[in-house]
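Q: Heads up: the sequence lines are chains A and B, in that order.
Note that numbering that gives the first Met the number 0 gives residue 366 to position 367 of the first sequence, counting from 1, and the numbers run on in steps of one.
Note that numbering that gives the first Met the number 0 gives residue 269 to position 270 of the second sequence, counting from 1, and the numbers run on in steps of one.
Backbone N, C-alpha and C define an ideal beta-carbon position, used for all residues, glycine too.
Before anything else, here's the structure in question.
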Amino acid sequence: MNLRKLGALAFGAMFVAAACNTGGGTATGTPGGTSAATATAAATKGTVKVAVEMPFQGSEKAASDPVLKGVRLALKQAGGAAGGYTVQVADADVYDDSINGAHDPQTGAKNTKAIVTDPDYIAQIGPLNSSVAKVQIPISNAAGLLQCSPANTNEGLTKPEFGALDIRNVHPDVINYVRMVTTDNNQGPAMAKYGIKNLGLKSIYVIDDTETFGKGIADNFAKEWIAEGGTVVKHDGAPKTTTDYSSLMTAAAALHPDSIYFGGVTSTGGARILNASVQAGLGDVKFLGSDGIQDGGAATPDSFLNLAADNAKNSFTTTAAIGDYPGKVAFDAAYKAEYGVDPGSYSGTGFACMQVILKALGTAAGTNPADMAGLREAVRKAAVDPTVTYDTVLGQMHFDKNGDTSQLIVSIFAFDAATKTWVFKEQLDFAK
Amino acid sequence: MTTAAQPVDTTGRRYPQWVVLSVVSAIVVILFATTLTFQPLLSGHPPDLATATQQTANALSLGAIYALIALGYTMVYGIIELINFAHGDVFMVGAFIAMTFLRTGFQATTLLGMGIGLAALGGFALFLGWGLVSGLGIRRAAPRLLALALVVGATVGLEFGVKQTGPITDGLTLTAVLIPTFLIAMIIIAATNVTIERLAYRPLRKKSRLAPLLTAVGISFILQNIVIVWQGTGDRPVPQLVPLVKFELLGAHINWLNMFILVLALALMVGLQTFVNRTRLGRAMRSTAQDQQAAQLMGVDLNQTISVTFLIGGALAGAAGVFQGLYFGFVRFDLGFNAGLKAFTSAVLGGIGNLTGAVIGGFLIGFVEVFAAAVGQQRWSQAIVFMVLIVVLIIRPAGILGQQVGERA
């Protein structure tokens with residue numbers, strides 16, 4: 000009798016303990032990141048906070064962690080202050096929008112709602128995923144909060160011709176969302192051009208994860224591939240809950256493509272699809288992907304290369320940002336000195352986001368706003384001003400009237416078997 | 000829980016079971032293969048028998064895994080009329096155990112770490128051992144020690160693992176690695192299932208019908224969260240032990256892995272059939288499924304019989320977990336939910352409570368899912384699976400091989 004009650008109690012305790020460990024809420028920040036608390040000026044006008052909102056569970060962590068590190072490095076290098084205010088990115092200011100190991104738009108919306116209601120937040124850096132941004136922008140637009148994404152690439156988030164006015168529907172003329180990367184109507188075609196011209200490929204099997212980003216970029220890619228003269232043998236959509244890709248891959252293998260394109264991120268199927276394609280006999284075809292699967296080398300836990308191991312030998316990816324820029328060596332060295340690891344694909348854009356916010360804060364402080372709400376609006380206005388040129392780590396850039404960066408550069412990376420990481424191949428400039 | 004029952008249709012005619020079995024299987028496979036062979040005609044390509052054969056092989060392997068899990072659902076429902084929602088997650092834990100054993104085990108590098116690891120595993124082994132002994136009601140010392148030894152041996156094996164990283168080409172080594180993998184997964188999951196029944200379902204057996212059901216849902220969440228805490232939420236790769244050697248059949252190059260899974264799964268199912276039909280414990284299970292009170296009057300130990308049911312169901316789920324790891328190459332904490340749903344659907348489709356029905360249902364669902372993906376509707380595959388279920392249930396409410404039993408008072 001006593002033993003049974005003890006057993007029941009143990010179960011209950013386990014349940015409670017386990018339940019406390021799951022769910023979203025604030026993620027613990029990365030060790031090594033410091034919350035900038037030291038102000039260089041003797042007297043500060045107060046502390047303002049910048050929120051970082053990204054997914055940090057499972058495979059998403061491999062992509063998000065480097066961005067957070069980049070953000071904190073920028074803050075540290077700026078001395079933790081701008082415009083006379085102390086700027087803070089504490090662990091409590093880092094929000095996690097993942098649930099059960101994958102990004103979740105509803106959790107992201109909940110986080111942004113919490114961020115806009117706290118008057119001390121002057122900006123949000125994030126999210127990482129376009130599907131999350133799609134539900135967050137209406138909220139931040141309504142509140143007039145500056146949002147800078149280091150990685151969203153779906154063109155529909157900013158460009159009116161792709162439906163952005165429906166997203167920033169509360170104040171369509173007020174731009175509050177900017178991003179440091181270019182859009183998928185450039186990223187997809189960049190890989191298509193590279194595949195046809197540099198790799199000499201002709202036919203391709205396209206598979207996407209049916210989400211905003213994955214389907215968007217796959218469609219952009221396929222359109223350009225056909226325009227360049229290639230053929231798309233099949234285009235499938237497989238949601239992230241799919242476990243068995245063998246039937247899809249068998250059907251694709253029957254059509255003998257000489258390459259595969261995956262639109263999506265690691266957590267929605269990247270490595271699983273590659274492994275299934277190898278099992279179905281497509282192990283020697285080129286595997287082309289987007290920035291969604293470029294989340295670190297084979298040593299990074301849960302990254303695409305870590306999960307795919309040797310199957311990734313024919314893989315190529317893109318990054319919707321500049322890959323080779325004058326300040327790169329210095330940035331990589333500073334990052335490695337601070338954190339001991341190499342930067343991720345979007346550490347630089349995260350760094351640049353913080354640089355933009357700090358400069359905007361400096362300009363805003365100069366207008367002497369009356370209260371935090373006024374400061375928030377002044378920061379937004381200063382940041383999205385198309386006439387302002389920013390001197391970021393990625394080079395000089397400015398935002399266009401929709402909040403997109405003027406750097407329309409996409410970089411191509413290939414898997415290097417020797418170092419088991421992605422190495423830079425070339426970059427395409429769509430401004431030309 | 001029936002195996003030799005005669006399905007009755009509403010007009011009162013009786014069909015021998017083998018007739019229904021053969022007819023359904025023949026219809027499914029022929030329809031499937033024909034459609035896939037001639038589907039390319041729609042887009043101007045020649046008929047493709049090779050791909051249809053390959054997809055059939057895919058469907059058989061997937062169906063085999065679903066069938067093994069469905070057997071667990073159907074046995075438990077047949078005997079105590081409980082839909083064991085935790086069964087899918089027990090399968091998932093089996094897959095993780097197989098992954099852990101194949102990769103690194105629980106080995107720690109420091110002495111302290113090893114000590115803690117061994118202590119934790121030891122405690123876990125004792126807990127499982129207690130559950131096993133107590134659940135099955137083993138009274139004599141020798142069988143007790145045997146049960147304990149099996150569980151402890153399995154957990155110790157899990158602690159050290161075999162540190163595999165890739166395909167093993169030597170047949171002997173492959174067998175030498177696979178046998179312990181299967182044994183360890185099956186023993187631990189069987190013991191876990193029995194312990195869960197002993198702790199969570201048995202005390203509630205005489206209470207309302209709803210309490211065990213909700214407890215099962217709770218156990219499902221507990222198992223998932225334990226795995227999240229233990230292994231995180233991302234995909235965990237499993238070493239692909241079986242090399243991708245192919246053989247030719249009707250123009251298709253089919254992996255030996257598919258055949259291996261199918262043959263081994265069928266062997267397990269035949270083993271189960273033999274056990275249920277030919278042994279005393281099996282007879283006890285069948286009689287308990289038919290009428291619990293009458294069986295008790297005939298001298299059947301109810302607790303032990305139910306525990307044996309969970310034991311076997313757990314062992315099959317553990318085997319299915321190993322298949323999952325070997326075939327798909329990855330495990331994730333939410334596998335149990337998806338697979339469990341499909342397996343439960345299979346069990347209902349085939350007639351819940353009927354072992355052969357669960358097997359048919361499993362293969363049928365495997366075929367439906369592969370078919371949906373093959374004709375390009377992966378997004379709809381789950382919806383299509385459930386549509387098939389609804390249609391079949393409308394035509395035959397008790398499932399394909401189910402019995403039309405009246406409501407018990």
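Which chain A residues sit within Cβ distance under 7 angstroms of G231 of chain B?
A: Neighbours of G231 of chain B on chain A, chain order: G57.
Q: Should T55 of chain B be labelled buried (16 or more other beta-carbon atoms within 10 Å of its own) or exposed?
A: Buried.
Q: Three-state secondary structure (DSSP) at L400 of chain B?
A: Residue state, collapsed to three classes: coil.
Q: Check each candidate in A:K196, A:N110, A:A163 and name the one with the smallest Cα separation from A226 of chain A.
A: The residue with the shortest Cα to Cα distance from A226 of chain A is A:K196.
Q: What are the residues in the segment 234-253 of chain A lying within 7 angstroms of chain B by C-beta distance?
A: Answer in chain order: D235, G236, A237, P238, T240, T241, T242, D243, S245, S246, L247, T249, A250, A253.
Q: Can you round the beta-carbon distance between F309 of chain B and V193 of chain B to whole angstroms, since I take them to be within the 8 angstroms contact cut?
A: Right, the Cβ-Cβ distance comes to about 5 angstroms (below 8 angstroms), so this counts as a contact.
Q: Assuming G296 of chain A contacts Q426 of chain A (C-beta within less than 8 angstroms), just tell me the rounded distance between them.
A: No, G296 of chain A and Q426 of chain A are not in contact; Cβ-Cβ is about 20 angstroms, not under 8 angstroms.
Q: Please identify the residue among A:N175, A:A89, A:V205, A:A250 whose C-alpha is closest to the C-alpha of A372 of chain B.
A: Ranking the options by Cα distance to A372 of chain B, first place goes to A:A250.
Q: Pull up the DSSP beta-bridge partners for T391 of chain A, would you.
A: DSSP, once it has assigned bridges, lists A:G394 as partnering T391 of chain A.
Q: Using a Cβ-Cβ cut-off of 8 angstroms, state whether N57 of chain B counts as contacting chain A.
A: Yes - at least one Cβ of chain A is within 8 angstroms of the one on N57 of chain B.
Q: Which full runs of the beta strand (DSSP E) of 3+ residues lie inside the segment 230-294 of chain A, going along the chain?
A: Taking only runs of at least 3 residues, the beta strand (DSSP E) segments lying wholly in the segment 230-294 of chain A are 230-236, 258-262, 285-287.
Q: Just checking my contact of T181 of chain A with L407 of chain A at CB under 8 angstroms: how many whole Å lie between their CB atoms?
A: Their Cβ separation, rounded to whole angstroms, is 5 angstroms, which keeps T181 of chain A and L407 of chain A in contact under 8 angstroms.
Q: When you compare each of B:I305, B:G317, B:L392 to L348 of chain B by their alpha carbons, which one comes out closest?
A: Answer by Cα proximity: B:L392.
Q: Looking at R143 of chain B: is its Cβ nearer than 8 angstroms to the Cβ of V132 of chain B?
A: Yes; because the gap between Cβ atoms is below 8 angstroms, this pair is in contact.
Q: Using beta-carbon positions only, say whether L222 of chain B and A85 of chain B come within less than 8 angstroms of one another.
A: Contact flag set, yes.
Q: Express the C-alpha separation of M258 of chain B and F423 of chain A in angstroms, rounding to a whole number.
A: Rounded to whole angstroms, F423 of chain A to M258 of chain B spans 42 angstroms at the Cα level.
Q: Measuring straight from C-alpha to C-alpha, what distance separates I178 of chain B and R167 of chain A?
A: Roughly 59 angstroms between the two C-alpha positions.
Q: Please list, in chain order, the residues of the segment 50-76 of chain B that have any C-beta partner in chain A closer than 7 angstroms.
A: Listed by position along the chain: T50, Q53, Q54, N57, L61.
Q: Look at the alpha carbon of T37 of chain A and the alpha carbon of G79 of chain A, and state the distance between them as a whole number of angstroms.
A: Low confidence applies to T37 of chain A: its pLDDT is 43, below 50, so where it sits in the model is not reliable enough to give any reading.
Q: Quick check on G24 of chain A: buried or exposed, where buried means 16 or more other Cβ atoms within 10 Å of its Cβ?
A: Because G24 of chain A carries a pLDDT of 38, less than 50, the predicted location of this residue cannot be relied on, and the following value inherits that uncertainty. Burial call: exposed.
Q: For P101 of chain A, which beta-bridge partners are listed by DSSP?
A: Note on residue identity: the sequence assigns Ala, not Pro, to residue 101 of chain A. Per DSSP, A:I98.
Q: Less than 8 angstroms between C-beta atoms, sequence neighbours within five positions excluded: which residues of the same chain meet that for I389 of chain B?
A: Counting only Cβ-Cβ distances below 8 angstroms, and skipping sequence neighbours, we find nothing.
Q: Of the choices A:P342, A:V383, A:S346, A:F412, whose alpha-carbon is the least far from that of T362 of chain A?
A: When only C-alpha atoms are compared, the closest one is A:V383.
Q: Quick one: Cα of K44 of chain A to Cα of N153 of chain A, how far?
A: Approximately 38 angstroms between the Cα atoms of the pair.
Q: Assuming contact is defined by CB atoms lying nearer than 8 angstroms, are Y345 of chain A and A150 of chain A in contact in what I supplied?
A: Contact flag set, yes.
Q: Is the Cβ-Cβ distance between Q87 of chain A and K48 of chain A less than 8 angstroms?
A: In this structure, K48 of chain A lies closer than 8 angstroms to Q87 of chain A by Cβ.
Q: For G328 of chain B, decide whether its Cβ has a neighbour in chain E, counting only Cβ atoms nearer than 8 angstroms.
A: Although the question refers to chain E, the structure presented lacks it and instead comprises the protein chains A and B.
Q: Just to make sure I have the definition right: I need the residues of chain A whose C-beta is within less than 8 angstroms of the C-beta of R378 of chain B. Which are they?
A: Simply T209, G236, A237, P238.
Q: For H252 of chain B, go through chain A and note every residue whose CB falls closer than 7 angstroms to its CB, in chain order.
A: Residues of chain A passing the Cβ test: G280.
Q: Give the single residue among B:A264, B:F332, B:G328 whose Cα lies nearest to the Cα of I68 of chain B.
A: Of the listed residues, the one whose Cα sits closest to I68 of chain B is B:A264.
Q: Going along the chain, which residues of its own chain have a beta-carbon closer than 7 angstroms to the beta-carbon of P396 of chain B, five neighbours each way excluded?
A: Cβ neighbours of P396 of chain B beyond the five flanking positions: none.
Q: Would you tell me roughly how many angstroms separate the C-alpha atoms of Q291 of chain B and A283 of chain B, rounded to the nearest one?
A: When rounded, the distance between both Cα atoms is 10 angstroms.
Q: G361 of chain B and S345 of chain B - do their beta-carbons sit closer together than 8 angstroms?
A: Yes, Cβ-Cβ distance for S345 of chain B and G361 of chain B is below 8 angstroms.
Q: Does DSSP classify H252 of chain B as helix, strand or coil?
A: Looking at H252 of chain B - three-state DSSP - the assignment turns out to be strand.
Q: Between B:G134, B:V89, B:V23, B:P242, which lies nearest to D333 of chain B when the distance is taken from Cα to Cα?
A: The residue with the shortest Cα to Cα distance from D333 of chain B is B:V89.
Q: Would A432 of chain A count as contacting chain B if we go by Cβ distances under 8 angstroms?
A: Nothing can be reported for residue 432 of chain A: it is not among the residues displayed for chain A, which extend from 0 to 431.
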